[in-house]
Amino acid sequence: MTNYGDERSKEMFALKMLKSGFKVWDADYVSEEQYKFRPDLYGERNGVLYAYEIKARNIPSTKFGDILISEHKLNLYEEHPEVQYYLVFFYTDGVGYILEPHQPHTIELKPTKRTTYFSDQSVSMEKKAIYQTSVAKRFKFNPQLIYGCV
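Residue numbers for the sequence shown follow the numbering used here, so the first one is 73 and each next one is one higher.
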């Protein structure tokens, strides 16, 4: 399973939210008719709707020194101002980051592997949002919960 880490990180983050008093649901189980905004998780607490895009990276947080995500993930928050939207990143060294899409960043074209199609390992250029780690909230977690033995 290619996105095993993404699924495990989503489960771990959802559990933490539940323990913090949120109602949580997986966006994979929300019909498009109900809501077209498709992050990884939704949360609700005190009448406020939250959305989380969660990424489990297969590198340590120190590998590049910044945080990278596809630009189209940022457009979601602009299209849905009624939702508190956060980007959450997990790394193999047990460091994670949470940030809001509107925080300072740059946009650059970067070579990106196509991993969504079976056996397609070709590379295309894709617009990426690049954040400095200094604008994000840093947290620690047990990487074995997501990555197994690291």
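Positions of the beta carbon are idealized from the N, C-alpha and C atoms, including for glycine.
So what's residue i in DSSP terms, helix, strand or just coil?
{"i": "Thr178", "result": "strand"}
{"i": "Gln251", "result": "A question about residue 251 goes unanswered here, because the residues of the chain that appear run from 73 up to 222."}
{"i": "Asp78", "result": "helix"}
{"i": "Asp138", "result": "strand"}
{"i": "Glu198", "result": "strand"}
{"i": "Asp112", "result": "coil"}
{"i": "Asp98", "result": "strand"}
{"i": "Glu154", "result": "coil"}
For residue i and residue j, I'd like the C-alpha separation in whole angstroms.
{"i": "Phe211", "j": "Asn147", "result": "25 Å"}
{"i": "Gln204", "j": "Asn118", "result": "31 Å"}
{"i": "Met84", "j": "Phe213", "result": "10 Å"}
{"i": "Pro183", "j": "Phe136", "result": "15 Å"}
{"i": "Gly115", "j": "Ser196", "result": "33 Å"}
{"i": "Lys185", "j": "Gly93", "result": "38 Å"}
Can you pull the DSSP bridge partners for residue i?
{"i": "Ile170", "result": "Val160 and Lys209"}
{"i": "Ala86", "result": "Looking at the DSSP assignment, Ala86 forms no beta bridge with any residue, so it has no partner."}
{"i": "Arg117", "result": "Val120"}
{"i": "Gln204", "result": "Asp138"}
If you check the beta carbons only, do residue i and residue j fall under 8 Å apart?
{"i": "Asp78", "j": "Lys127", "result": "yes"}
{"i": "Glu154", "j": "Leu121", "result": "yes"}
{"i": "Glu151", "j": "Ala201", "result": "no"}
{"i": "Ser133", "j": "Tyr163", "result": "yes"}
{"i": "Lys145", "j": "Glu125", "result": "yes"}
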